[in-house]
Amino acid sequence: MSSTTRNHFTRRQVLTSAAGASIAGAIGAPAAAAAASAGSDASDRVPEFWYQDNNLGLGGNGMPPDLVSRYDALDTWQHARRAMHTFCFSQLGAGDNYADEVKYSPELLDKMVAAHSQSNFSFNVTQATTWWWHKYRDTGEIPDGPPDYSATINNLRQVRSAGFNLGDIMLQSVLTKPGPGRFKGYSVERRIQDVVEFYDQVKPEFPDVRIGIIDPWPLKVESTWLQDELRANGHELDFIHLDKPFDRIRLERDTPKGVITWDRMVEASEFVQNELGITFGLQCVDERAGNTSNNDFRKYTLEGLANYVAHGGTADRYILWPFFRYPDHSTPDDLGPLPPEGASHMRVFRELARGAARRR
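In mature numbering (1 follows the signal peptide of the UniProt record, and there is no 0), the protein residues as written are -31 to -1, 1 to 329.
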(Lines of atoms letter the chains of each structure in order from A and count residues from 1; the text may use other names and numbers.)
(Lines give C-alpha, C1' and ligand atoms only; values in the text may rest on other atoms or scores of the structure.)
Protein backbone atom coordinates (compact mmCIF):
# COMPACT_ATOMS: atom_id res chain seq x y z
CA MET A 1 0.00 0.00 0.00
CA SER A 2 1.42 3.39 -0.98
CA SER A 3 2.19 6.15 1.50
CA THR A 4 -0.58 8.19 -0.11
CA THR A 5 -3.10 5.51 0.74
CA ARG A 6 -1.78 5.12 4.27
CA ASN A 7 -2.25 8.84 4.88
CA HIS A 8 -5.73 8.60 3.42
CA PHE A 9 -6.74 5.87 5.86
CA THR A 10 -5.25 7.80 8.74
CA ARG A 11 -7.62 10.68 7.99
CA ARG A 12 -10.54 8.25 7.92
CA GLN A 13 -9.56 6.61 11.17
CA VAL A 14 -9.20 9.96 12.90
CA LEU A 15 -12.66 10.99 11.78
CA THR A 16 -14.41 7.84 12.94
CA SER A 17 -12.56 7.40 16.22
CA ALA A 18 -13.48 8.86 19.59
CA ALA A 19 -11.05 11.64 18.79
CA GLY A 20 -13.60 12.87 16.28
CA ALA A 21 -15.05 14.99 19.07
CA SER A 22 -11.89 17.07 19.12
CA ILE A 23 -12.26 17.67 15.40
CA ALA A 24 -15.78 18.95 15.99
CA GLY A 25 -14.41 21.35 18.58
CA ALA A 26 -11.75 22.62 16.23
CA ILE A 27 -14.30 23.07 13.46
CA GLY A 28 -16.48 25.10 15.78
CA ALA A 29 -13.59 27.46 16.58
CA PRO A 30 -13.97 31.26 16.58
CA ALA A 31 -14.27 33.06 13.28
CA ALA A 32 -10.65 34.23 13.26
CA ALA A 33 -9.34 30.69 13.62
CA ALA A 34 -11.79 29.47 10.99
CA ALA A 35 -10.58 32.13 8.59
CA ALA A 36 -6.98 31.07 9.14
CA SER A 37 -7.94 27.47 8.52
CA ALA A 38 -9.69 28.44 5.30
CA GLY A 39 -6.38 29.66 3.92
CA SER A 40 -4.67 26.31 4.42
CA ASP A 41 -4.52 23.45 1.95
CA ALA A 42 -7.97 21.81 1.91
CA SER A 43 -6.35 18.39 1.56
CA ASP A 44 -5.23 18.56 5.21
CA ARG A 45 -8.77 18.67 6.57
CA VAL A 46 -11.19 16.05 7.81
CA PRO A 47 -13.87 15.48 6.67
CA GLU A 48 -13.25 16.13 3.00
CA PHE A 49 -15.61 18.18 0.84
CA TRP A 50 -15.70 17.35 -2.86
CA TYR A 51 -17.20 19.38 -5.71
CA GLN A 52 -18.35 18.33 -9.16
CA ASP A 53 -20.26 20.62 -11.51
CA ASN A 54 -23.91 20.00 -12.26
CA ASN A 55 -24.52 18.45 -15.69
CA LEU A 56 -28.06 19.93 -15.64
CA GLY A 57 -29.50 16.49 -16.33
CA LEU A 58 -27.85 16.42 -19.77
CA GLY A 59 -25.27 13.69 -19.20
CA GLY A 60 -21.56 14.04 -19.94
CA ASN A 61 -21.96 17.10 -22.17
CA GLY A 62 -23.93 19.14 -19.65
CA MET A 63 -22.32 21.98 -17.71
CA PRO A 64 -23.42 25.17 -15.94
CA PRO A 65 -23.58 28.17 -18.30
CA ASP A 66 -21.04 30.12 -16.25
CA LEU A 67 -18.43 27.35 -15.98
CA VAL A 68 -16.02 28.87 -18.49
CA SER A 69 -16.50 32.49 -17.43
CA ARG A 70 -15.96 31.78 -13.72
CA TYR A 71 -12.28 31.01 -14.37
CA ASP A 72 -11.87 34.65 -15.37
CA ALA A 73 -13.64 35.78 -12.17
CA LEU A 74 -11.96 33.76 -9.43
CA ASP A 75 -12.86 36.25 -6.72
CA THR A 76 -16.56 35.39 -7.10
CA TRP A 77 -15.98 31.87 -5.73
CA GLN A 78 -12.76 32.12 -3.75
CA HIS A 79 -14.28 30.93 -0.46
CA ALA A 80 -15.82 27.81 -1.99
CA ARG A 81 -12.51 27.03 -3.66
CA ARG A 82 -10.67 27.18 -0.34
CA ALA A 83 -13.06 24.62 1.15
CA MET A 84 -12.69 22.31 -1.85
CA HIS A 85 -10.63 19.27 -0.88
CA THR A 86 -11.22 17.70 -4.30
CA PHE A 87 -12.44 19.03 -7.63
CA CYS A 88 -13.95 16.48 -10.01
CA PHE A 89 -15.19 16.13 -13.54
CA SER A 90 -16.32 13.20 -15.65
CA GLN A 91 -15.17 11.72 -18.92
CA LEU A 92 -16.90 12.32 -22.23
CA GLY A 93 -18.62 9.50 -24.05
CA ALA A 94 -21.10 6.69 -23.79
CA GLY A 95 -21.20 2.97 -24.41
CA ASP A 96 -17.90 1.95 -25.99
CA ASN A 97 -17.56 5.32 -27.72
CA TYR A 98 -15.33 7.27 -25.34
CA ALA A 99 -13.30 10.26 -26.39
CA ASP A 100 -9.52 10.09 -26.08
CA GLU A 101 -9.59 13.74 -25.02
CA VAL A 102 -11.32 15.16 -21.96
CA LYS A 103 -14.26 17.46 -22.58
CA TYR A 104 -12.50 20.77 -21.89
CA SER A 105 -10.12 22.65 -24.15
CA PRO A 106 -6.40 22.85 -23.27
CA GLU A 107 -6.83 26.58 -22.62
CA LEU A 108 -9.63 25.98 -20.13
CA LEU A 109 -7.72 23.12 -18.52
CA ASP A 110 -4.81 25.48 -17.88
CA LYS A 111 -7.13 27.90 -16.08
CA MET A 112 -8.69 25.07 -14.10
CA VAL A 113 -5.31 23.76 -12.98
CA ALA A 114 -4.26 27.22 -11.78
CA ALA A 115 -7.54 27.80 -9.95
CA HIS A 116 -7.56 24.37 -8.27
CA SER A 117 -3.85 24.14 -7.47
CA GLN A 118 -4.60 23.70 -3.74
CA SER A 119 -7.15 20.93 -4.33
CA ASN A 120 -6.90 17.30 -5.25
CA PHE A 121 -8.52 16.09 -8.46
CA SER A 122 -10.78 13.10 -9.04
CA PHE A 123 -11.79 11.72 -12.42
CA ASN A 124 -15.31 10.30 -12.71
CA VAL A 125 -15.21 7.24 -15.00
CA THR A 126 -18.26 5.69 -16.65
CA GLN A 127 -16.44 3.51 -19.19
CA ALA A 128 -15.92 0.72 -16.65
CA THR A 129 -19.71 0.34 -16.47
CA THR A 130 -20.86 0.94 -20.04
CA TRP A 131 -17.96 -0.21 -22.25
CA TRP A 132 -20.09 -2.99 -23.81
CA TRP A 133 -23.33 -1.07 -24.49
CA HIS A 134 -22.91 -0.31 -28.20
CA LYS A 135 -21.96 -3.87 -29.08
CA TYR A 136 -24.86 -5.17 -27.01
CA ARG A 137 -27.25 -2.96 -28.98
CA ASP A 138 -25.86 -4.42 -32.22
CA THR A 139 -25.69 -8.08 -31.22
CA GLY A 140 -27.89 -8.53 -28.15
CA GLU A 141 -24.91 -10.01 -26.29
CA ILE A 142 -22.20 -8.79 -23.95
CA PRO A 143 -18.90 -9.14 -25.83
CA ASP A 144 -16.25 -11.58 -24.68
CA GLY A 145 -12.72 -10.68 -23.78
CA PRO A 146 -11.38 -8.01 -21.44
CA PRO A 147 -12.58 -4.43 -21.95
CA ASP A 148 -10.22 -1.95 -23.56
CA TYR A 149 -9.86 1.01 -21.20
CA SER A 150 -7.36 2.90 -23.36
CA ALA A 151 -9.71 5.89 -23.76
CA THR A 152 -9.86 6.32 -19.98
CA ILE A 153 -6.09 5.92 -19.70
CA ASN A 154 -5.61 8.61 -22.36
CA ASN A 155 -7.96 10.89 -20.42
CA LEU A 156 -5.93 10.30 -17.26
CA ARG A 157 -2.70 11.08 -19.09
CA GLN A 158 -4.16 14.35 -20.30
CA VAL A 159 -5.35 15.27 -16.81
CA ARG A 160 -1.94 14.50 -15.34
CA SER A 161 -0.08 16.33 -18.11
CA ALA A 162 -2.27 19.39 -17.63
CA GLY A 163 -1.01 19.58 -14.05
CA PHE A 164 -3.97 18.44 -11.92
CA ASN A 165 -3.21 16.81 -8.56
CA LEU A 166 -4.73 13.50 -9.67
CA GLY A 167 -5.58 11.59 -6.51
CA ASP A 168 -8.69 9.50 -7.12
CA ILE A 169 -10.70 7.71 -9.78
CA MET A 170 -14.42 7.13 -9.19
CA LEU A 171 -15.99 4.19 -11.04
CA GLN A 172 -19.62 5.10 -11.48
CA SER A 173 -22.29 2.48 -10.66
CA VAL A 174 -20.11 -0.47 -11.67
CA LEU A 175 -21.94 -2.99 -9.48
CA THR A 176 -25.51 -1.96 -10.22
CA LYS A 177 -26.21 0.08 -13.35
CA PRO A 178 -28.46 -1.82 -15.79
CA GLY A 179 -27.70 -1.93 -19.48
CA PRO A 180 -29.68 -0.52 -22.41
CA GLY A 181 -33.41 -1.09 -22.03
CA ARG A 182 -32.90 -1.89 -18.33
CA PHE A 183 -31.06 -5.06 -19.36
CA LYS A 184 -29.95 -6.94 -16.23
CA GLY A 185 -27.88 -9.72 -17.77
CA TYR A 186 -24.54 -8.08 -16.93
CA SER A 187 -23.79 -10.36 -13.99
CA VAL A 188 -22.16 -9.31 -10.75
CA GLU A 189 -19.35 -11.78 -11.44
CA ARG A 190 -18.65 -10.19 -14.82
CA ARG A 191 -18.90 -6.69 -13.34
CA ILE A 192 -16.30 -7.56 -10.74
CA GLN A 193 -14.02 -9.13 -13.35
CA ASP A 194 -14.21 -5.92 -15.38
CA VAL A 195 -13.36 -3.78 -12.35
CA VAL A 196 -10.32 -5.95 -11.62
CA GLU A 197 -9.35 -5.55 -15.29
CA PHE A 198 -9.66 -1.78 -14.92
CA TYR A 199 -7.17 -1.85 -12.05
CA ASP A 200 -4.88 -4.14 -14.05
CA GLN A 201 -4.80 -1.69 -16.95
CA VAL A 202 -4.68 1.59 -15.00
CA LYS A 203 -2.52 0.88 -11.96
CA PRO A 204 0.79 0.17 -13.76
CA GLU A 205 0.85 3.73 -15.08
CA PHE A 206 -0.92 5.39 -12.14
CA PRO A 207 0.21 3.35 -9.11
CA ASP A 208 -0.53 5.97 -6.45
CA VAL A 209 -4.01 6.92 -7.61
CA ARG A 210 -6.81 5.70 -5.35
CA ILE A 211 -9.68 3.90 -7.07
CA GLY A 212 -13.15 3.35 -5.65
CA ILE A 213 -16.76 3.02 -6.68
CA ILE A 214 -19.99 5.01 -6.62
CA ASP A 215 -22.96 2.86 -5.68
CA PRO A 216 -26.64 3.51 -4.86
CA TRP A 217 -26.45 1.00 -2.02
CA PRO A 218 -23.32 -0.86 -0.78
CA LEU A 219 -24.65 -4.43 -0.64
CA LYS A 220 -22.58 -6.49 1.78
CA VAL A 221 -22.14 -9.59 -0.37
CA GLU A 222 -21.25 -7.77 -3.60
CA SER A 223 -19.02 -5.16 -1.94
CA THR A 224 -17.12 -7.78 0.04
CA TRP A 225 -16.79 -9.96 -3.05
CA LEU A 226 -15.33 -7.03 -5.00
CA GLN A 227 -12.88 -6.22 -2.22
CA ASP A 228 -11.78 -9.86 -1.95
CA GLU A 229 -11.25 -10.21 -5.72
CA LEU A 230 -9.25 -6.99 -5.88
CA ARG A 231 -7.03 -8.08 -3.01
CA ALA A 232 -6.54 -11.51 -4.59
CA ASN A 233 -5.16 -9.66 -7.62
CA GLY A 234 -2.90 -7.33 -5.63
CA HIS A 235 -5.21 -4.31 -5.55
CA GLU A 236 -7.25 -2.37 -2.98
CA LEU A 237 -10.75 -0.95 -3.07
CA ASP A 238 -10.03 2.48 -1.64
CA PHE A 239 -13.50 3.92 -1.12
CA ILE A 240 -17.23 3.63 -1.70
CA HIS A 241 -19.42 6.68 -2.34
CA LEU A 242 -23.11 6.23 -1.53
CA ASP A 243 -25.36 7.81 -4.16
CA LYS A 244 -28.81 7.81 -2.58
CA PRO A 245 -30.60 11.14 -3.19
CA PHE A 246 -32.01 12.54 0.03
CA ASP A 247 -35.56 12.76 -1.31
CA ARG A 248 -35.70 8.95 -1.17
CA ILE A 249 -35.60 9.26 2.62
CA ARG A 250 -37.43 12.59 2.92
CA LEU A 251 -40.45 11.34 0.96
CA GLU A 252 -40.22 7.77 2.31
CA ARG A 253 -40.07 6.47 -1.23
CA ASP A 254 -40.09 2.72 -1.79
CA THR A 255 -36.88 1.63 -3.52
CA PRO A 256 -35.56 -1.75 -4.73
CA LYS A 257 -33.92 -1.94 -1.28
CA GLY A 258 -37.15 -1.10 0.54
CA VAL A 259 -37.90 2.14 2.34
CA ILE A 260 -34.62 3.87 3.17
CA THR A 261 -34.38 5.65 6.51
CA TRP A 262 -31.64 7.83 7.96
CA ASP A 263 -30.74 5.01 10.33
CA ARG A 264 -30.24 2.71 7.34
CA MET A 265 -28.07 5.36 5.69
CA VAL A 266 -25.89 5.46 8.80
CA GLU A 267 -25.73 1.66 8.88
CA ALA A 268 -24.53 1.66 5.27
CA SER A 269 -21.75 4.11 6.09
CA GLU A 270 -20.69 2.08 9.12
CA PHE A 271 -20.54 -1.10 7.03
CA VAL A 272 -18.12 0.57 4.62
CA GLN A 273 -16.01 2.18 7.33
CA ASN A 274 -15.96 -0.59 9.93
CA GLU A 275 -16.48 -3.89 8.11
CA LEU A 276 -14.75 -3.13 4.82
CA GLY A 277 -12.35 -0.77 6.61
CA ILE A 278 -12.25 1.78 3.80
CA THR A 279 -13.22 5.39 3.17
CA PHE A 280 -16.92 6.26 2.95
CA GLY A 281 -18.22 9.17 0.92
CA LEU A 282 -21.77 10.53 0.96
CA GLN A 283 -23.20 11.99 -2.22
CA CYS A 284 -25.26 15.02 -1.13
CA VAL A 285 -28.19 15.74 -3.46
CA ASP A 286 -31.98 15.84 -3.45
CA GLU A 287 -33.38 14.77 -6.82
CA ARG A 288 -36.93 16.04 -6.35
CA ALA A 289 -35.66 19.45 -5.25
CA GLY A 290 -33.01 19.44 -7.98
CA ASN A 291 -35.78 19.29 -10.55
CA THR A 292 -37.80 22.05 -8.86
CA SER A 293 -35.67 25.15 -8.19
CA ASN A 294 -32.29 26.46 -7.08
CA ASN A 295 -33.55 27.33 -3.62
CA ASP A 296 -35.34 24.03 -3.10
CA PHE A 297 -32.16 22.18 -4.01
CA ARG A 298 -30.27 24.23 -1.43
CA LYS A 299 -32.91 23.79 1.28
CA TYR A 300 -33.44 20.05 1.00
CA THR A 301 -29.83 19.10 0.32
CA LEU A 302 -28.61 20.94 3.42
CA GLU A 303 -31.53 19.65 5.50
CA GLY A 304 -30.88 16.10 4.33
CA LEU A 305 -27.24 16.27 5.32
CA ALA A 306 -28.20 17.72 8.71
CA ASN A 307 -30.58 14.78 9.23
CA TYR A 308 -27.85 12.27 8.35
CA VAL A 309 -25.53 13.87 10.90
CA ALA A 310 -28.28 14.12 13.54
CA HIS A 311 -28.79 10.35 13.25
CA GLY A 312 -25.11 9.73 13.97
CA GLY A 313 -23.71 9.72 10.44
CA THR A 314 -20.04 10.64 10.03
CA ALA A 315 -18.91 10.27 6.45
CA ASP A 316 -15.23 10.66 5.65
CA ARG A 317 -16.10 12.87 2.71
CA TYR A 318 -19.14 14.69 1.38
CA ILE A 319 -19.61 15.08 -2.37
CA LEU A 320 -21.82 17.79 -3.86
CA TRP A 321 -22.49 16.58 -7.38
CA PRO A 322 -26.01 17.31 -8.68
CA PHE A 323 -27.16 16.03 -12.06
CA PHE A 324 -30.54 17.73 -12.35
CA ARG A 325 -32.00 20.95 -13.79
CA TYR A 326 -30.89 22.87 -10.70
CA PRO A 327 -28.74 24.50 -9.52
CA ASP A 328 -28.56 26.13 -12.94
CA HIS A 329 -25.52 28.32 -12.27
CA SER A 330 -22.34 27.76 -10.29
CA THR A 331 -21.33 31.20 -8.97
CA PRO A 332 -21.09 33.39 -6.93
CA ASP A 333 -20.48 31.83 -3.52
CA ASP A 334 -21.91 34.77 -1.51
CA LEU A 335 -23.73 33.86 1.71
CA GLY A 336 -25.91 36.97 1.89
CA PRO A 337 -29.66 37.14 1.23
CA LEU A 338 -30.78 34.77 -1.50
CA PRO A 339 -30.78 36.60 -4.86
CA PRO A 340 -33.76 36.58 -7.25
CA GLU A 341 -32.19 33.84 -9.37
CA GLY A 342 -31.78 31.62 -6.32
CA ALA A 343 -28.83 29.90 -4.70
CA SER A 344 -25.80 29.00 -6.80
CA HIS A 345 -24.02 25.65 -6.71
CA MET A 346 -20.93 27.20 -5.12
CA ARG A 347 -23.03 28.84 -2.42
CA VAL A 348 -24.60 25.50 -1.53
CA PHE A 349 -21.15 23.90 -1.53
CA ARG A 350 -19.78 26.57 0.77
CA GLU A 351 -22.74 26.20 3.15
CA LEU A 352 -22.40 22.42 3.11
CA ALA A 353 -18.69 22.66 3.93
CA ARG A 354 -19.30 24.88 6.96
CA GLY A 355 -22.55 23.27 8.10
CA ALA A 356 -23.71 20.27 10.09
CA ALA A 357 -21.16 17.79 8.76
CA ARG A 358 -18.23 20.09 9.48
CA ARG A 359 -19.45 20.71 13.03
CA ARG A 360 -19.88 17.01 13.73
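Where a beta carbon is used, it is the ideal one built from N, C-alpha and C, also for glycine.
Just so you know, these numbers come straight off a predicted model, no measurement behind them.
- Under the three-state reduction of DSSP, Arg316 is assigned to helix.
- Counting C-beta pairs closer than 8 Å gives fewer than three between the stretch 149 to 159 and the stretch 119 to 135, which falls short of the contact rule.
- Comparing C-alpha distances from Asn276 to each of Ser313, Thr230 and Gln60 shows the shortest one belongs to Thr230.
- For Val128, the enclosing alpha helix (DSSP H) covers residues Ser119 to Ala131.
- Pairwise C-beta distances place the stretch 182 to 200 in contact with the stretch 159 to 166, as three or more of them are shorter than 8 Å.
- Selection Asp117, Phe58, Glu191 and Lys146 evaluated against Asn134 yields Phe58 as nearest (Cα-Cα).
- In the structure shown, Ile111 adopts coil according to DSSP, grouped into three states.
- When the beta-carbon positions are compared, Ala49 and Asp212 stay at least 8 Å from each other.
- Straight-line measurement puts the Cα of Glu76 at about 19 Å from the Cα of Gly31.
- Residue burial annotation: Val241 is buried, with at least 16 other C-beta atoms found within 10 angstroms of its C-beta.
- Gln141 has Ile183 as its beta-bridge partners, per DSSP.
- Nearest in C-alpha terms to Phe215, of all of Trp194, Asp223, Trp186 and Gly273, is Gly273.
- Put simply, of Ser262, Val128, Ile182 and Lys72 the residue whose alpha carbon is nearest the alpha carbon of Thr145 is Ile182.
- Runs of the alpha helix (DSSP H) spanning 4 or more residues and lying entirely within the stretch 238 to 299 occur at 256 to 259 and 263 to 279, in chain order.
- Going by DSSP, Thr95 is part of no alpha helix (DSSP H) at all; its letter is neither H nor E.
- Around the Cβ of Val71, a 10 Å sphere holds 16 or more other Cβ atoms; the residue is buried.
- The beta carbon of Arg316 is closer than 6 Å to those of Asp302 in its chain, skipping five residues each way along the sequence.
- Around the C-beta of Glu320, 16 or more other C-beta atoms lie within 10 Å, and the residue is accordingly described as buried.
- Leu206 sits in coil when the DSSP states are folded into three classes, being neither helix nor strand.
- The Cβ atoms of Val94 and Gln60 sit closer than 8 Å to each other.
- In the structure shown, Trp19 falls within a strand segment according to DSSP collapsed to helix, strand and coil.
- Its chain contains Thr(-27), His(-24), Asp137, Arg179, Ile180, Gly181, Ile247 and Thr248 as the residues whose beta carbon lies nearer than 8 Å to that of Asp207, once the 5 sequence neighbours on both sides are disregarded; these appear in chain order.
- A straight line joining the alpha-carbon of Arg159 with that of Ala97 spans about 11 Å.
- Within the DSSP secondary-structure output, Asp223 pairs in a beta bridge with Val228.
- Taking every protein chain shown into account, the CB of Thr270 has 16 or more other CB atoms within 10 angstroms, so this residue is buried.
- By the Cβ test, the stretch 256 to 268 is not in contact with the stretch 34 to 43, since fewer than three Cβ pairs between them sit closer than 8 Å.
- Just so you know, the alpha carbons of Gly281 and Glu244 end up roughly 17 Å apart.
- Straight-line spacing of the CA atoms in Val254 and Thr261 works out to 13 Å.
- Per DSSP, Phe167 is not a residue of any beta strand (DSSP E); the alpha helix (DSSP H) it occupies stretches across Val157 to Val171.
- The continuous beta strand (DSSP E) containing Ser59 extends over residues Thr55 to Ser59.
- A distance of 8 Å or more separates the beta carbons of His314 and Gly250.
- Rounded to whole angstroms, the separation of the alpha carbons of Gly259 and Arg294 is 6 Å.
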